[in-house]
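So for the sequence shown, the working numbering puts the first residue at 18; every next one is plus one. For each residue, glycine too, the CB sits at the ideal point set by N, CA and C. Inspection log for the structure reproduced underneath, given as structure tokens.
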Amino acid sequence: MSAKDKFHDAVKTALQKDGWVITDDPLTIRISSRTKLYIDLGAEKIIAAQRDRQKIAVEVKSFLGASTMAEFHTAVGQYINYRYALIDFGYEQTLYLAVPFYIYDDFFTQPFIQTVIQRSQVNLLIYDDEKEEVVRWQS
């Protein structure tokens with residue numbers, strides 16, 4: 018299992034403040050007898066109007082390394098693998114990539130990056146790591 022991202026707990030708290038119940042920390046997907054994938058968080062929320070449960074999986078990224086672009090490449094690749102695994106192994110969760118607001122504002126708003134996000138069908142959860150709050154959901 019990989020080490021928790023620096024902002025793991027901030028995102029967990031932000032989700033709880035937003036009304037989500039953390040169901041998995043981490044969400045483990047067994048893809049073979051020897052191989053598992055670990056998505057940082059699994060959560061669900063009861064939607065009162067529909068009397069239904071919405072389930073999400075969240076991969077937390079801090080983008081604190083030397084190259085934001087290199088981290089972006091890794092994050093998108095990891096996201097796509099996780100999304101395929103969720104589908105292939107019958108999980109109901111919708112996957113989100115959690116990114117800090119200041120990185121979203123500085124990097125993710127660039128037209129090329131937005132195009133990659135759209136083409137790759139990456140759902141974003143933008144969070145404020147200091148306030149430990151969800152700033153925005155982008156599907």
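Enumerate in chain order the residues of its own chain whose CB-to-CB distance from M18 is below 6 angstroms, with the five nearest sequence positions on each side excluded.
Note that M18 has pLDDT 41, beneath the 50 cutoff, so the model's placement of it is unreliable and the number below is only indicative. For M18, where only same-chain residues beyond five positions count, the Cβ hits under 6 angstroms are Y55.
Are there any heavy atoms of the ligand GTP lying less than 7 angstroms away from the beta-carbon of S137, as far as the coordinates show?
The ligand content of the structure shown is nil, which means the ligand GTP is not present either.
Would you decide whether G59 is buried or exposed? Buried here means 16 or more other CB atoms lie within 10 Å of its CB.
Its Cβ being crowded by 16 or more others within 10 Å, G59 is buried.
Among D122, V133 and S137, the one whose alpha carbon lies nearest that of R153:
For R153, the closest of D122, V133 and S137 by C-alpha to C-alpha distance is D122.
Between which residues of its own chain and L5 is the CB-CB distance below 8 angstroms, once the five residues before and five after are set aside?
Any answer about residue 5 is impossible in this case: the structure gives the chain only from 18 up to 156.
Using the rule of at least 16 other Cβ atoms within 10 Å of the residue's Cβ for burial, across every protein chain shown, is Y119 buried or exposed?
Burial is judged here by how many other beta carbons sit within 10 angstroms of a residue's own beta carbon; Y119 has fewer than 16 and is exposed.
Output the boundary residues of the beta strand (DSSP E) element that contains I48.
If you look at I48, you'll find it isn't in any beta strand (DSSP E); DSSP assigns it neither H nor E.
Please list the terminal residues of the continuous beta strand (DSSP E) segment that includes T111.
T111 to P117 is the extent of the beta strand (DSSP E) around T111.
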